[in-house]
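Here the protein sequences come in this chain order: F and L.
Letter 358 of the first sequence, counting from 1, is numbered 683 in our numbering, and no numbers are missing.
Letter 338 of the second sequence, counting from 1, is numbered 663 in our numbering, and no numbers are missing.
Every residue gets a Cβ at the ideal spot worked out from N, C-alpha and C, and that includes glycine.
Please read all numbers here as calculations on a predicted model, not as lab measurements.
So the structure is just underneath, and the comments pick up after that.
Number of protein chains: 2
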Amino acid sequence: MPDTLSHANGERVLADLNALRAIGAYKTGVHKPTFSEPHRLSLDWLVRKLPDANLSAGIDGIGNVFGTSTKAGPKLLAGSHLESQNYAGWLDGPLGVVYALEAARVLNGDPSVKGAVEVAAWVDEEGHFGSFLGSRSYVGQVTEAEIDAARDRTNGRSMRDALREMGLAGRPRVAAEPGRHVGYIEAHIEQGDTLESGKLAIGVVTSIVGIWQYRINFVGQQNHAGTTRMAVRKDAGLALAKFCVAIGERFPSACGPRTVWTTGRITLDPGAPSIIPGGAEMLFQIRDDNPDVIARLEQLLHTMAAEANAKGPCTVAIEKIRTGAPAMMDAGFQDAIEAASKALAGGRSLRMPSGAGHDAQMLATIMPAAMLFVPSIGGISHHWTENTADADIVTGAQVFVDACRRILSG
Amino acid sequence: MPDTLSHANGERVLADLNALRAIGAYKTGVHKPTFSEPHRLSLDWLVRKLPDANLSAGIDGIGNVFGTSTKAGPKLLAGSHLESQNYAGWLDGPLGVVYALEAARVLNGDPSVKGAVEVAAWVDEEGHFGSFLGSRSYVGQVTEAEIDAARDRTNGRSMRDALREMGLAGRPRVAAEPGRHVGYIEAHIEQGDTLESGKLAIGVVTSIVGIWQYRINFVGQQNHAGTTRMAVRKDAGLALAKFCVAIGERFPSACGPRTVWTTGRITLDPGAPSIIPGGAEMLFQIRDDNPDVIARLEQLLHTMAAEANAKGPCTVAIEKIRTGAPAMMDAGFQDAIEAASKALAGGRSLRMPSGAGHDAQMLATIMPAAMLFVPSIGGISHHWTENTADADIVTGAQVFVDACRRILSG
């Protein structure tokens, strides 16, 4: 076979990504919520493209697009998602789908390659209606009742109505066929600045971090903001602010090298300018791929709460509301990506955990899984300015296709 | 005249207050929002009672109840309000109305008393539809356009609809008649614990504090809570928490003896558990009756903001959204209350500012004004458990009536 046939076609990859960006364009990004018209048109686009990769295409009853192969030999599943966050970036999702399509186009027609790449676009990875609904459906974790109850967080439209309007009502959902795939691989933008700041081209994902989430609740005494002397106040909002600052001071000495923690929401009760808050609540999240680190930080959180309760004047209680075990990526697949990076990207790769959640964590519950990252300019994500240099997109595609070939040959 | 005729009748005062508590009762308090059915019934109750005090009664086009006298001589206006906060206390408002009614009953029929006490119940002091609408209307500060735009904060009902349902649509509003009154006097529960903790019976209000309010806005960088390393974050929520804690640490050395400050509301943007807040806002309020103290604290606030901006990584901006000049109470009226307290409460009185706003601050813009406080058990207010000992209610009524007599004789 001539060498050109078996390499990614960088121009074709960029053209495909720009074609998808033109559907639902918003500034330099896209606005393509799950089951919106631009999302539907993007799924249709993929369905029309898959036959170029010797794949037969279909959309199942939850909105997952699959490209399936009849080629003999091992099958590697590859994919990502096509909907976007609201008014967000053009590569978050489509990059992985187009890389998967490109790998299938390059490898499936190549008789020297054993087996084939099959393609999936998982629906609603961005969580407009739920949590990883498409990939969770595929691995058997979504019930009909969950779909019955799901609604668009932005406009309240029911998922059943949306599926009906998409023409998917009553269509069966496709579930994983045991033993069909040797594994799953997904490419994605990094969404952080580790690769960029290290002048690297490829992230070899070692794990997808778990997310632990806590509701931290403060109780003081609601009172009149004018008549209650400072000395006798029990201000739950102030207690919360102190706790928040203390976390920032004490977590660094107990965390791991890549632990992150975030207070994403604060609510004061009753939240009126002239009333001392009698209650306050913060949503607090910790992410790490090492459960030992999480256990240590959770212990610290409880120690701090006990200290705050002993000191007064408010009380604090910690409720764990989400426990997310990390998903470990397959060691052999990591080696394949690293080898491909050495061959095609000058070895400018780094093994790193993913701080964000991805469909790969769902696939990892039933088969070997891997992820490859490309750099994000300025580490920006979930914003329409999200971007990656064209050269990095092309390099990533070449490494991805080569990694797929290595896995199929493995 | 026999001495009994010219003193407050404690049993009658308690009976009246309990009659008003029975209208719209909620636990041991009341739920009597402005223009609710229990509020309407309470206004009707007062209209029926006013003739007992030789007053002719009427309700004006905004819902103020007036009892007016034809007796010769000076007229002292006295009153408070009859609606309540939602699910709140029984005395906040009615105490001052019933004291005014009692003073009119005792003094207006007494030929040895020069002049008369006239009674007012100001509508919506509690701010369901606006800010001091009744007393502001009386002093000429409310336009028809403001009433057109006003809506019930709880249920959105327009004030025009509410006035129509009350049978008040089209009725004229009563404005102050220049020169008619020697002044205004209002009794109220303290809503703090100063009197109780000092074992005192009467608060002689020196001033009603001004309220200065600020919107303090923090700008950081919104980013992904999983992929953004701690070292590069610009977390606007954390910047807000630090500022809040710093206020608590630095204000005490610059404030006055009775300054209070409150962060009543905190909002993080976008307020999602997995997103680092790119924006954060706090509503911050300072109350004092000394503008010099306010100026000093406002300067400190700006110094702290400049320090925070110099340090980074977030920026902070302070916007003043409310400037409330304090209302000074009339010195002669204060002396009259203090003399009455010496005569009838063993001198257990204290001169003190009011940390809460009251209709008296509106009346003070056009005539001499005064306020008398009675103790609040536990300092509790704006809650259904708000209460005052019966003995303190009776003592307060006696001092109030005597102070009115002294002012009319003055």
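Scan the region 663-696 of chain L for residues whose Cβ lies nearer than 9 Å to a Cβ of chain F and list them as they occur along the chain.
Those would be Ser679, Gly680, Ala681 and Gly682, in chain order.
For L/Arg373, does the count of other Cβ atoms within 10 angstroms reach 16, so buried, or fall short, so exposed?
Classification of L/Arg373: exposed, given that the 10 Å Cβ count is below 16.
Would you mind telling me which residues of chain L sit closer than 7 Å to F/Thr587, beta carbon to beta carbon, in chain order?
The answer, in chain order, is Ala550 and Ile601.
With a cut-off of 8 Å, does the C-beta of F/Gly721 fall near any C-beta of chain L?
No, no contact with chain L.
DSSP on L/Lys396, reduced to helix/strand/coil?
If DSSP states are grouped into helix, strand and coil, L/Lys396 belongs with coil.
For F/Glu408, which of F/Trp537, F/Trp370 and F/Thr640 has the nearest alpha-carbon?
Minimum Cα distance to F/Glu408 is reached at F/Trp370.
Could you tell me which whole alpha helix (DSSP H) segments of length 4 or greater appear in the region 579-650 of chain F?
Runs of the alpha helix (DSSP H) inside the region 579-650 of chain F: 616-636.
At the 8 Å Cβ level, is F/Asp717 part of the contact set with chain L, yes or no?
No - not a single Cβ of chain L is within 8 Å of the one on F/Asp717.
From L/Met654 to L/His513, what does the alpha carbon distance come to, in whole angstroms?
Going from the Cα of L/Met654 to the Cα of L/His513 covers about 14 Å.
Over what stretch of residues does the alpha helix (DSSP H) that includes L/His364 continue unbroken?
Its alpha helix (DSSP H) spans residues Glu362 to Lys374.
Could you pull the start and end residues of the alpha helix (DSSP H) that F/Arg496 belongs to?
Where F/Arg496 is concerned, there is no enclosing alpha helix (DSSP H), given that its DSSP letter is neither H nor E.
In terms of alpha-carbon separation, which member of L/Ala670, L/Lys439 and L/Asp449 lies closest to L/Phe698?
Among L/Ala670, L/Lys439 and L/Asp449, the Cα nearest to that of L/Phe698 is on L/Ala670.
Ordered along the chain, which non-local residues of its own chain (more than five positions away) have a Cβ less than 7 Å from that of F/Thr705?
Note that residue 705 of chain F is Ile in the sequence shown here, rather than Thr. Glu711, listed in sequence order.
So F/Asp738 packs on F/Val534, CB below 8 Å; how close in whole Å?
The first residue shown for chain F is 326 and the last is 735, placing residue 738 of chain F beyond what the model contains.
May I ask you to list the residues that DSSP assigns as paired with F/Met313?
Outside the displayed span of chain F (326 to 735) sits residue 313 of chain F, for which this structure offers no information.
Between which two residues does the beta strand (DSSP E) holding F/Ile384 run?
Looking at the DSSP string, the run of the beta strand (DSSP E) that includes F/Ile384 is Ser381 to Ile384.
Near L/Thr393, which residues of its chain fall below 7 Å by C-beta distance, leaving aside the five closest residues on each side in sequence?
These residues qualify, in order along the chain: Leu380, Ser381 and Glu443.
Is any beta-carbon of chain F found at less than 8 Å from that of L/Asp518?
By this cut-off, L/Asp518 is an interface position.
Please confirm if L/Thr553 has its CB atom under 8 Å from at least one CB of chain F.
Taking Cβ atoms only, chain F reaches closer than 8 Å to L/Thr553, which makes this a yes.
Judging by CA-CA distance, which residue of F/Ile510, F/Ala650 and F/Tyr351 is the nearest neighbour of F/Arg731?
Minimum Cα distance to F/Arg731 is reached at F/Ile510.
So the candidates are L/Phe568, L/Ile611, L/Phe391 and L/Ile718; which of them puts its Cα closest to the Cα of L/Ala605?
Residue L/Phe568 is the option with its Cα nearest to L/Ala605.
Where does L/Pro678 sit, in a helix, a strand or coil, going by DSSP?
Of the three classes helix, strand and coil, the one that applies to L/Pro678 here is strand, per DSSP.
Count the C-beta pairs between the region 331-339 of chain L and the region 418-435 of chain L that are closer than 8 Å, then say yes if the count reaches three, no if not.
At 8 Å Cβ cutoff, the stretches touch.
Do L/His453 and L/Pro358 come within 8 Å of each other at the CB atom, strictly closer than that value?
Going by C-beta atoms, L/Pro358 is nearer than 8 Å to L/His453.
Suppose contacts are defined by Cβ-Cβ distances below 8 Å. Is F/Leu608 in contact with F/Pro602 by that definition?
Contact: no.
Which partner residues of F/Trp415 appear in the DSSP bridge assignment?
The partner list for F/Trp415 (beta bridge, DSSP) is empty, contrary to what the question assumes.
Under a three-way DSSP split, which group does F/Ala743 fall into?
Outside the shown range of chain F (326 to 735) lies residue 743 of chain F, about which nothing can therefore be said.
Can you list, in chain order, the residues of its chain whose CB lies under 8 Å from that of L/Leu339, leaving out five sequence neighbours each side?
Cβ neighbours of L/Leu339 beyond the five flanking positions: Asp715, Ile718 and Val719.
I want to verify the contact list: residues of chain F whose CB lies under 9 Å from the CB of L/Ser706, in sequence order.
What L/Ser706 touches in chain F: Asn548, His549, Thr552 and Thr553.
In whole angstroms, what separates the C-alpha of L/Met326 from that of L/Ser437?
Bear in mind that a pLDDT of 36 at L/Met326, under 50, signals an unreliable position, so the number given afterwards is only what the model happens to contain. Answer to the nearest angstrom: the Cα atoms are 8 Å apart.
For a contact meaning CB atoms closer than 9 Å, what does F/Arg365 contact in chain L?
Residues of chain L passing the Cβ test: none, with the nearest at roughly 26 Å.
Under 7 Å, CB to CB, which of the residues in the region 416-445 of chain L have a partner in chain F?
Answer set for the region 416-445 of chain L: empty.
Counting only the same chain and skipping the five closest in sequence on each side, list residues whose C-beta sits under 7 Å from that of L/Gly421.
Closer than 7 Å at the Cβ level, and outside the excluded window around L/Gly421, lie Gly404, Ser405, Glu511, Ala512 and His513.
Compare the Cα-Cα distances from L/Asp560 to each of F/Gly551, F/Val570 and F/Met491 and report the closest residue.
Of the listed residues, the one whose Cα sits closest to L/Asp560 is F/Val570.
Below 8 Å on the Cβ atoms is my guess for F/Val529 versus F/Leu675; work out the distance and round it to an integer in Å.
With a Cβ gap of about 7 Å, F/Val529 and F/Leu675 count as contacting.
Please report the residue range of the alpha helix (DSSP H) in which L/Val726 lies.
Asp715 to Ser734 is the extent of the alpha helix (DSSP H) around L/Val726.
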